[in-house]
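One structure is given here, and the rest of the page talks about it.
2 protein chains.
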Amino acid sequence: MTQAVRVHNFVVSRDGFGTGEGQSLERPFGHANPAELFAWAGATAHWVNRTDPGGTYGLDDFCTRDFAHGIGAEIMGRNKFGPQRGPWENLDWQGWWGDEPPFRTPVFVLTHYERPPLTMGETTFYFLDATPHEALARAFDAANGKDVRVGGGVATVRAFLEADLIDQLHVVVAPVELGRGERLWNSPHDLQERFHLEEIPSPSGVTHLFLWRR
Amino acid sequence: MTQAVRVHNFVVSRDGFGTGEGQSLERPFGHANPAELFAWAGATAHWVNRTDPGGTYGLDDFCTRDFAHGIGAEIMGRNKFGPQRGPWENLDWQGWWGDEPPFRTPVFVLTHYERPPLTMGETTFYFLDATPHEALARAFDAANGKDVRVGGGVATVRAFLEADLIDQLHVVVAPVELGRGERLWNSPHDLQERFHLEEIPSPSGVTHLFLWRR
Chain L
83 MTQAVRVHNF VVSRDGFGTG EGQSLERPFG HANPAELFAW AGATAHWVNR TDPGGTYGLD
143 DFCTRDFAHG IGAEIMGRNK FGPQRGPWEN LDWQGWWGDE PPFRTPVFVL THYERPPLTM
203 GETTFYFLDA TPHEALARAF DAANGKDVRV GGGVATVRAF LEADLIDQLH VVVAPVELGR
263 GERLWNSPHD LQERFHLEEI PSPSGVTHLF LWRR
Chain W
83 MTQAVRVHNF VVSRDGFGTG EGQSLERPFG HANPAELFAW AGATAHWVNR TDPGGTYGLD
143 DFCTRDFAHG IGAEIMGRNK FGPQRGPWEN LDWQGWWGDE PPFRTPVFVL THYERPPLTM
203 GETTFYFLDA TPHEALARAF DAANGKDVRV GGGVATVRAF LEADLIDQLH VVVAPVELGR
263 GERLWNSPHD LQERFHLEEI PSPSGVTHLF LWRR
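Listed in order, the protein sequences are those of chains L and W. Note that the numbering used here numbers the first sequence so that position 15 is 97, with each residue one more than the last. Note that the numbering used here numbers the second sequence so that position 78 is 160, with each residue one more than the last.
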């Protein structure tokens, strides 16, 4: 099987924003409320942060449980990794995810300010000043024949879309309006020249969008 | 995680039949046309019998690619294994699936007529004269902590439902009427006292039903 490049469980508001305005340490999604964006995922049995039993096993759960299947590496932007901008003042910041980040693969963090690799649990973060093509070559190599996830944020997904490097996208439209922030698209129909599009409403109130290359 | 018992990608007609009348070597689904029942699956990128590239990556593909994830053993009825009834006349019959069956785990075949285990590729079939509870104990043990799939046919799924041994069901309603054969249910709503039910129409024309224990 060829290695594919996939966006998976990427949540946007009804008006197309993946994150709000004003990211900070206290508010990773800026003015957006992550509890609203991710309520659909938190309710599922396989949500990566679930610690208690229970949860749903319907459509939404098929999506959360598919998150890591067949994935050998992730690429993310620096703003997904942390709220800092510019040169690293120190190396204290180790991501939002605690001692055991949910990636459990090599993760390539795109940044103009490199720093040494950081291993947290089963995840190792590598910091690259690289173009999307260069980063993808590194990620394919590290992924051991498996697929590569482009994990976001918005600017990173857009850069990979503009470079025509993405094969499949799973985007979840949450039933909220953000009005401002970082916008993925005006409408998924913007991509229909290049991608098939399925829109599947879920009983939870989100709509799952599945896009794949024509 | 507790081991779960799951039915997955089990296809029924709109009128609730999992197979038609008159199974034979030539017609594993009796008068039903398997091409009609499984067209949705055959179109997906991850269909287990796909040999050429291509295929869809939408909702239906999430279901076909989830078929083997987290599964450590399957239980099936003898009529899924083959068209013979009564004592085995010989041991020539090795299943419908050729040299590499798609299960790739231990498979427990319920039959009143035992025979020695049969290994085909990565799958080993064990033939058991056992109750659902007994078969499940064997399958849990063989599944190495993973879930157990109840693979059908209809009589086997019904027996496990009647014994209240099934935790989750994914049933696909194909847009055909069969009129006769082996019936899974009159309506999925028959199970709503015991199971949550989500009904998700797919653009391919099938409806995915997700059921899980209340």
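Don't be surprised by glycine CBs; every beta carbon is placed ideally from N, CA and C. Given the structure is predicted, the values throughout are model-derived calculations rather than measurements.
- Within the segment 97-168 of chain L, the complete beta strand (DSSP E) segments at least 3 residues long are 99-101, 153-159, listed from N- to C-terminus.
- The criterion of a C-beta distance shorter than 8 Å is satisfied by residue 186 of chain W and residue 150 of chain W.
- Here residue 86 of chain W carries a coil assignment [DSSP, helix/strand/coil].
- Shown here, residue 182 of chain L sits in coil according to DSSP, grouped into three states, outside any helix or strand.
- At least one CB atom of chain W sits nearer than 8 Å to the CB of residue 285 of chain L.
- The residue among L/259, L/192, L/85, L/154 with its C-alpha nearest the C-alpha of residue 167 of chain L is L/192.
- Residue 261 of chain W sits exposed, since fewer than 16 C-beta atoms from the chains shown fall within 10 Å of its C-beta.
- Its Cα nearest to that of residue 252 of chain L, the residue L/295 stands out among L/116, L/295, L/101, L/108.
- Secondary structure at residue 264 of chain L: strand, using DSSP grouped into helix, strand and coil.
- In terms of beta-carbon proximity, residue 148 of chain L lines the interface with chain W, with at least one pair separated by less than 8 Å.
- The three-state reading of DSSP puts residue 216 of chain L in helix, counting H, G and I together.
- The shortest CA-to-CA distance from residue 204 of chain L to any of L/213, L/228, L/189, L/197 is the one to L/189.
- Annotated three-state conformation of residue 280 of chain W is strand, per DSSP.
- At the C-beta level, residue 139 of chain W and residue 170 of chain W stay beyond 8 Å of one another.
- Under the Cβ criterion of 8 Å, residue 140 of chain W is counted among the residues facing chain L.
- Contact of residue 294 of chain W with chain L is assigned, a C-beta pair being separated by under 8 Å.
- Within 10 angstroms of the beta-carbon of residue 274 of chain L lie fewer than 16 other beta-carbons, which makes it exposed.
- For residue 238 of chain W and residue 208 of chain W, the gap between their C-alpha atoms comes out near 16 Å.
- Excluding the 5 residues flanking it on each side, residue 157 of chain W has same chain C-beta neighbours closer than 6 Å at 190, 217, 221, 232, in chain order.
- Contact of residue 271 of chain W with chain L is not assigned, every C-beta pair being separated by 8 Å or more.
- Across the set W/99, W/104, W/148, the C-alpha of W/148 shows the shortest separation from the C-alpha of residue 123 of chain W.
- Spatial neighbours of residue 105 of chain L in its own chain (CB-CB distance under 6 Å, excluding positions within 5 residues in sequence) are listed in chain order as 112, 165.
- Rounded to the nearest angstrom, the gap between the Cα atoms of residue 267 of chain W and residue 103 of chain W is 16 Å.
- Minimum Cα-Cα distance from residue 125 of chain L among the listed residues L/160, L/145, L/246, L/236 corresponds to L/145.
- Listed along chain L, the residues sitting closer than 9 Å to residue 151 of chain W by beta-carbon distance are 147, 148, 151.
- Within the segment 214-261 of chain L, the complete beta strand (DSSP E) segments of 3 residues or longer fall at 229-234, 250-256, listed in chain order.
- About 3 Å separates the CB atoms of residue 154 of chain W and residue 225 of chain W; that is less than 8 Å, so the two are in contact.
- Looking from the CA of residue 116 of chain L, the closest CA among L/245, L/242, L/95, L/130 belongs to L/95.
- By the beta-carbon neighbour count (other beta carbons within 10 angstroms, threshold 16), residue 244 of chain W is exposed.
- Within the same chain, 190, 191, 192, 193, 196, 216, 217, 220 come within 8 Å of residue 210 of chain W by CB-CB distance, once the 5 residues on both sides are set aside.
- Collapsing the DSSP output to three states places residue 173 of chain W in coil.
- Within the segment 247-259 of chain L, those residues whose Cβ lies closer than 7 Å to any Cβ of chain W are, in chain order, 250.
- Residue nearest to residue 230 of chain W within the set W/277, W/264, W/249 is W/249 (criterion: CA-CA distance).
- The residues 164, 166, in chain order, have a CB closer than 7 Å to that of residue 175 of chain W in the same chain once the five nearest residues on each side in sequence are set aside.
- Interface annotation, residue 144 of chain L: in contact with chain W, CB-CB separation under 8 Å.
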